[in-house]
Amino acid sequence: MLGMEVTREPACFSGLWGCVNLPAGGRLKEEEEKEEEEEEEEEEEEEEEGKENKNTNNKEKTKTRKREKEGEGREEEGEGREEEGEGREEEREGREEEGEGREEEGEGRQEEGEGREEEREGREEEREGREEEGNGSTSNRRI
């Protein structure tokens, strides 16, 4: 223990190997400095850990925000797809109604055609009837 500064007056400590001089407080100045350095290092480490934790927390918060935004985006995209699906369904229904309208129009034309055909047949029957009358009267006259 030579060359070491003692913070207080030395005291005698009797141990197995005889008397050892220790400072009155039981510490040497170098030991106090070492402890102070160790405490400072521990504080620095704690500060660094705190910064790392803060950075980690900030990163996690950022990730969480991104996920939330992505979730909102996906939700909006889903709503858009749903609306698009509804639009397609309405379009399909419109086509069906248009098809039904065309079908009814076709039926109307068919009925109109049938009516014209009946009209023609009626005219033909009239002509045939007139011809028969005309033939009958002329044949009677000839005889």
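Okay, so the sequence shown: first residue is 1 according to UniProt numbering, each after it adds one. Quick reminder that beta carbons are idealized off the backbone N, C-alpha and C, glycines included. Here the structure is a predicted model, which is why all the values come from computation and not from measurement.
Near residue i, what residues of its chain come up, given a Cβ to Cβ distance below 8 Å and the 5 sequence neighbours on each side ignored?
{"i": "residue 68", "result": "none"}
Counting only beta-carbon atoms, is residue i nearer than 8 Å to chain B?
{"i": "residue 83", "result": "Within the model displayed, chain B is absent; a lone protein chain is all it includes."}
Closer than 7 Å by C-beta to residue i: which residues in its own chain qualify, once you throw out the five before and the five after it? Chain order, please.
{"i": "residue 43", "result": "none"}
{"i": "residue 93", "result": "none"}
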